[in-house]
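Let me begin by presenting the structure, written as structure tokens, before commenting on it.
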Amino acid sequence: MADRTNGGPSGAAGRAPAADRPDKVRNVVLVGHSGAGKTTLVEALLASTGTIQRTGRVEDGTTVSDFDEVEVRQQRSVNLALAPVVHNGIKINLLDTPGYADFVGDLRAGLRAADAALFVVSATEGVDGLSRMLWDECAAVGMPRAVVITKIDHHRAEFDDVLASCQDAFGGGVAALYLPYGGGLAGLLSQRFFDYAGGSRTEKAPGAELAELIEQYRGELIEGIIQESEDESLMDRYLSGEEIDRKVLIEDLEKAVARGGFHPVLATGAGIGTREVLDLITQGFPSPLEHPLPEITTIDGRPVDGIACDPEGTLVAEIVKTTSDPYVGRVSLVRVFSGTLRPDQTVHVSGHGLTDRGHEDHDLDARIGALSSPLGKNQRTAATCVAGDIVAVAKLSRAETGDTLSDRDAPLLMRPWSMPDPLLPVAIQVKSKADEDKLSQALARLVAEDPTLRLENNAETHQLVLWCMGEAHADVLLDRLAKRHGVEVEQVPLRVPLRETFGGRCQAMGRNVKQTGGHGQYAICHLEVEPLPSGGGFEFVDKIVGGVVPRQFIPSVEKGVRAQMERGVVAGFPMVDIRVTLYDGKAHSVDSSDMAFQIAGQLALKEASNKVPTLLLEPVDEVAVLVSDEYVGPVMSDLSSRRGRVLGNEPVGRGRTLVKAEVPELEITRYSIDLRSMSHGTGTFTRLFLRYEPLPAHLAGKVADSAST
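In the UniProt record's numbering, the protein residues as written are 1 to 709.
Written as structure tokens, this is what we have:
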């Protein structure tokens with residue numbers, strides 16, 4: 001692929017690169033761990049095409065990708081960022097993704113918007129667990145992939161070792177396309193040396209030593225290409241010693257890469273390899289025309305067929321990222337799958353199936369504002385956006401990440417991409433009462449931007465809880481609340497909602513007799529209380545005979561008992577799993593009333609708590625942990641140390657194991673952080689409420705003591 005000529009730098013700051021046809025677009029997402037060099041690679045590609053004047057900076061001095069105020073302060077990428085460049089007449093939308101597992105929502109949004117992926121691996125650090133998992137996700141949908149090994153100029157870089165680790169991590173079909181050598185790259189197909197030592201790229205014949213080295217690697221590359229070739233005779237011809245024409249090999253390589261069956265490895269360093277990466281993207285990666293569209297339905301769920309990547313077709317687009325700018329307002333990054341998007345166009349907004357996370361479903365019309373192509377903080381005006389391209393849209397004030405934009409007269413809905421559940425709860429409260437009104441508005445904006453955030457107003461614990469992907473995610477959210485929205489909050493200890501129940505059977509009396517002159521209160525009820533099995537709920541049994549409690553007041557007793565159960569009798573937690581039997585009582589013809597018997601029922605339940613032990617119950621979750629095989633032992637030991645019951649484990653392929661356990665919720669509030677540390681970022685888990693179980697006595701005592709103070 002390095003054998004084609006380059007048309008020279010194109011695109012410049014201040015002018016938006018444009019594409020008028022889908023075949024002139026390439027959408028590429030960059031995937032890799034933090035520090036792998038994704039942002040540096042993007043900026044090198046921008047500089048090499050003349051889009052920016054010097055690597056790493058745009059007009060205001062910020063980096064092209066890390067320009068968000070949080071990224072500048074924390075010195076790390078936390079957002080999906082778009083950087084368009086033009087190479088050989090092809091517009092390339094580079095989607096730079098965060099390298100932290102906490103921001104996997106932005107990473108998966110990048111995968112949704114892209115048609116191919118560049119996995120960026122540092123020559124000094126190798127492949128991380130998140131990249132392995134995402135490689136498997138891409139493989140499952142046949143997304144074309146290539147690998148770029150960065151920092152090959154580093155003194156600790158060992159290309160052979162990193163190449164071997166990529167082949168081990170990513171499986172078959174991974175082979176070097178270029179070999180770093182001296183101050184340049186050796187093309188294994190062209191058998192030419194591309195020298196970057198002088199600051200510009202020059203091509204020359206390799207010396208004898210390099211020619212021998214090329215021959216060592218070239219055989220593996222050719223065999224890999226031939227294995228993916230549609231010409232079944234090539235392998236026999238190659239094994240018989242025939243020299244396969246280089247043009248045939250290049251054509252087969254491009255087809256194999258586009259199909260997702262072969263994954264070339266490239267190398268970059270300081271000023272080295274940008275041209276080769278651009279050539280691979282434009283020649284080897286597919287255009288949007290070759291990438292299947294996500295599932296599309298009508299608003300009521302009926303499948304829609306016949307929609308293709310056609311600028312003249314029905315409009316179908318999707319918001320893959322939402323940001324809020326203090327000056328511009330809400331800006332939506334939109335991938336157009338069909339049709340053409342134009343400024344001031346009225347579209348229908350549909351979405352998006354995340355109501356459980358606080359994101360309302362949408363079904364409304366909206367008028368879009370200006371279209372633009374971002375470059376760092378700068379927005380360069382775009383006239384239109386055709387099918388296959390990506391654009392920034394202003395003024396979609398009601399739309400959120402994941403929403404579908406379609407024709408107003410024919411509303412459609414795209415199947416949302418999968419999103420992991422946020423599993424780190426962070427309880428917050430405002431530092432100042434004056435900030436309470438601003439907090440709700442600020443949180444609404446954060447929720448609109450981030451589909452991985454879940455907002456919970458817990459009615460039982462009376463806490464506001466942000467469910468986050470991890471500690472870094474929580475830090476970014478709190479930073480944005482303070483700096484962007486001017487709302488100071490503080491973290492407070494998370495309260496896990498417990499339950500109460502009785503530990504045995506007893507009888508108790510509720511006596512509510514008051515004479516204060518005039519109309520008084522008179523109600524006496526005798527109750528028998530007993531525990532039910534876990535999950536038994538509440539039963540109220542009427543055994544009144546002879547009318548000692550008038551029939552109209554029996555529901556009043558039950559109502560009073562239920563009210564007291566909601567408030568609890570010891571530590572203020574709701575009471576569950578009990579049977580209450582009303583078997584005797586007294587009434588007064590004048591002073592008895594509905595309220596009097598409600599209070600008597602409450603008093604009887606409180607009296608029962610003085611006669612038998614009251615147990616505190618804690619929620620227990622079913623936990624499933626997916627982890628690399630080498631961490632199974634530590635994970636199982638750790639779960640046991642959390643008062644968990646390990647139920648077993650089973651292999652799930654490619655060196656990974658699923659561990660199942662039952663663990664109290666009190667013990668896993670910060671498990672997402674601990675698991676990530678324990679498994680070096682390779683572990684994930686899910687949790688599902690199972691049942692309530694008695695809290696151990698020493699812990700129950702602490703809870704009861706804290707409730708009484």
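The C-beta atom is built at its ideal place from N, Cα and C for all residues, glycine as well.
No experiment lies behind these values; they were computed from the predicted model shown.
1) Tell me which same chain residues have a C-beta within less than 7 Å of the C-beta of F597, skipping the five on either side of it?
2) Express the C-alpha separation of G261 and R237 in angstroms, rounding to a whole number.
3) Please tell me whether L249 has its Cβ less than 8 Å away from any Cβ of chain C.
4) F193: buried (16+ other C-beta within 10 angstroms of its C-beta) or exposed?
5) Tell me which residues share the same chain as K151 and place their Cβ nearer than 7 Å to its Cβ, disregarding the 5 neighbours each side in the sequence.
6) For L464, tell me which candidate among D305, L278, I428 has the shortest Cα-Cα distance.
7) Return the chain-ordered list of same chain residues with a C-beta closer than 7 Å to the C-beta of T461, the five sequence neighbours on each side being excluded.
8) Quick test of your reading: V426 and Q491, contact by CB under 8 Å. State the CB separation rounded to the nearest angstrom.
9) Is D252 buried or exposed, if buried means 16 or more other CB atoms sit within 10 Å of its CB?
10) Check for me: the beta strand (DSSP E) holding K321 runs from which residue to which?
11) Between L185 and A256, which are expected to be in contact by the criterion C-beta below 8 Å, what is the C-beta distance as a whole number of angstroms?
12) Considering G110, what are the terminal residues of the alpha helix (DSSP H) in which it resides?
13) Whose C-alpha, out of E230, S406, S373, D136, is nearest the C-alpha of V304?
14) So is G536 buried or exposed if we call it buried at 16+ other beta carbons inside 10 Å?
15) At what residue ranges does the stretch 483-537 contain a whole run of the alpha helix (DSSP H), taking only runs of 4 or more?
16) So, are the CB atoms of A366 and V391 less than 8 Å apart?
17) From residue 724 to E456, what does the alpha carbon distance come to, in whole angstroms?
18) DSSP state of K543, grouped into three classes?
19) Please classify G182: is it buried, with 16 or more other beta-carbons within 10 angstroms of its beta-carbon, or exposed?
20) Starting from the C-beta of G644, find all residues in its chain whose C-beta is less than 8 Å away, skip the five residues before and the five after it, and write them out in chain order.
21) If C468 sits next to L424, beta carbons under 8 Å apart, how far is it from one beta carbon to the other, in whole angstroms?
22) What are the start and end residues of the beta strand (DSSP E) that includes A116?
23) Please work out which residues of its chain come closer than 7 Å, Cβ to Cβ, to S432, disregarding the five sequence neighbours upstream and downstream, and give them in chain order.
24) Considering V265, what are the terminal residues of the alpha helix (DSSP H) in which it resides?
25) With distance defined between alpha-carbon atoms, name the residue in R642, E400, V86, S229 nearest to S373.
26) Out of A116, P84, L80, state which residue places its alpha-carbon closest to the alpha-carbon of V104.
27) Rounded to whole angstroms, what is the Cα-Cα separation between C166 and I149?
28) Are there 16 or more other CB atoms within 10 angstroms of the CB of N610, so buried, or fewer, so exposed?
29) Report yes if the CB atom of L446 is closer than 8 Å to the CB atom of L439, and no otherwise.
30) Quick check on this structure: which residue in H154, G129, G172 has the alpha carbon closest to the alpha carbon of A146?
31) Thinking C-alpha only, which one of Q602, R562, V476, I222 is nearest E539?
32) Taking 8 Å as the cut-off, decide whether the C-beta atoms of G313 and G351 are in contact.
33) With a 10 Å radius around its C-beta and 16 neighbouring C-beta atoms as the bar for buried, classify F573 as buried or exposed.
34) Could you tell me the alpha carbon to alpha carbon distance between V393 and D421, rounded to whole angstroms?
35) What is the rounded straight-line gap between the Cα of H155 and the Cα of D161?
36) When burial is assigned at 16 or more other CB atoms within 10 Å of the CB, is F689 buried or exposed?
A quick look at the data gives this:
1) Start at 1 with the first residue of the sequence shown, and residue 597 comes out as number 597. Result list for F597: A523, C525, F553, S556, V557, G560, in chain order.
2) Here residue 237 is taken as the residue at index 237 of the sequence shown, counted from 1. Here residue 261 is taken as the residue at index 261 of the sequence shown, counted from 1. One C-alpha to the other measures close to 21 Å.
3) Reference to chain C is not applicable here, since this structure consists of a single protein chain.
4) Here residue 193 corresponds to residue number 193 of the sequence shown, with the count starting at 1. Classification of F193: buried, given that the 10 Å Cβ count is 16 or more.
5) Counting from one through the sequence shown, the residue named residue 151 turns up at place 151. Excluding positions up to five away in sequence, the list reads G37, S122, A123, T124, A157, G269.
6) For the purposes of this step, residue 464 is taken as residue 464 along the sequence shown, with counting starting at 1. It is I428.
7) Within the sequence shown, residue 461 is the residue found at index 461, counting from 1. So the list reads R495, P497, once near-sequence residues are dropped.
8) Residue mapping note: residue 426 aligns to position 426 of the sequence shown, counting from 1. Residue mapping note: residue 491 aligns to position 491 of the sequence shown, counting from 1. The Cβ separation is near 6 Å, so the contact holds.
9) Along the sequence shown, one-based indexing puts residue 252 at 252. Classification for D252: buried.
10) Along the sequence shown, one-based indexing puts residue 321 at 321. Element bounds for K321: 316-325.
11) Your numbering for residue 185 matches position 185 in the sequence shown. Your numbering for residue 256 matches position 256 in the sequence shown. The Cβ separation is near 21 Å, so there is no contact.
12) Start at 1 with the first residue of the sequence shown, and residue 110 comes out as number 110. Counting along the chain, the alpha helix (DSSP H) containing G110 begins and ends at 104-113.
13) Here residue 304 is taken as the residue at index 304 of the sequence shown, counted from 1. Ranking E230, S406, S373, D136 by Cα distance to V304 puts S406 first.
14) Start at 1 with the first residue of the sequence shown, and residue 536 comes out as number 536. Exposed, by the Cβ-count rule.
15) none
16) The sequence position of residue 366 within the sequence shown is 366, counting from 1. The sequence position of residue 391 within the sequence shown is 391, counting from 1. No, these two residues do not count as a Cβ contact at 8 Å.
17) Absent from the structure is residue 724, since the part of the chain shown begins at 1 and ends at 709.
18) Within the sequence shown, residue 543 is the residue found at index 543, counting from 1. Coil.
19) Against the sequence shown, residue 182 aligns to sequence position 182. Exposed, because fewer than 16 other Cβ atoms sit within 10 Å of the Cβ of G182.
20) As a position in the sequence shown, residue 644 is number 644, starting the count at 1. V623, A661, E662, V663, P664, E667.
21) In the sequence shown, counting from the first residue as 1, residue 468 sits at position 468. In the sequence shown, counting from the first residue as 1, residue 424 sits at position 424. Rounded, the Cβ-Cβ distance is 5 Å, consistent with contact.
22) To locate residue 116, count along the sequence shown from 1; it is residue 116. Per DSSP, A116 belongs to the beta strand (DSSP E) from 116-122.
23) Translated into the one-based positions of the sequence shown, residue 432 becomes position 432. Cβ within range, chain order: E488.
24) The residue labelled residue 265 in the question sits at position 265 within the sequence shown. Where V265 is concerned, there is no enclosing alpha helix (DSSP H), although the beta strand (DSSP E) it sits in stretches over 263-267.
25) For the purposes of this step, residue 373 is taken as the residue at position 373 of the sequence shown. The option with the nearest alpha carbon to S373 is V86.
26) Here residue 104 refers to the residue found at position 104 of the sequence shown. Nearest of A116, P84, L80 to V104, Cα basis: L80.
27) Position 166 of the sequence shown, counting from 1, holds the residue named residue 166. Position 149 of the sequence shown, counting from 1, holds the residue named residue 149. Taking the straight line from one Cα to the other gives about 9 Å.
28) In the sequence shown, the residue the question calls residue 610 occupies position 610. So N610 ends up on the exposed side.
29) For the purposes of this step, residue 446 is identified with residue 446 of the sequence shown, where counting begins at 1. For the purposes of this step, residue 439 is identified with residue 439 of the sequence shown, where counting begins at 1. Taking 8 Å as the Cβ cut-off, L446 and L439 do not qualify as a contacting pair.
30) In the sequence shown, residue 146 corresponds to position 146, counting from 1. For A146, the nearest C-alpha among the options comes from G172.
31) Mapped onto the sequence shown, residue 539 falls at position 539. When each option's Cα is compared against that of E539, the closest is R562.
32) The count along the sequence shown starts at 1 and reaches residue 313 at position 313. The count along the sequence shown starts at 1 and reaches residue 351 at position 351. No, Cβ-Cβ distance for G313 and G351 is not below 8 Å.
33) For the purposes of this step, residue 573 is identified with residue 573 of the sequence shown, where counting begins at 1. Buried, since its Cβ has 16 or more Cβ neighbours within 10 Å.
34) Residue 393 sits at position 393 when you count from the first residue of the sequence shown. Residue 421 sits at position 421 when you count from the first residue of the sequence shown. In a straight line, the C-alpha of V393 is about 28 Å away from that of D421.
35) Sequence index remark: in the sequence shown, residue 155 carries index 155 (1-based). Sequence index remark: in the sequence shown, residue 161 carries index 161 (1-based). H155 and D161: Cα-Cα distance of roughly 14 Å.
36) Position 689 of the sequence shown, counting from 1, holds the residue named residue 689. It counts as exposed.
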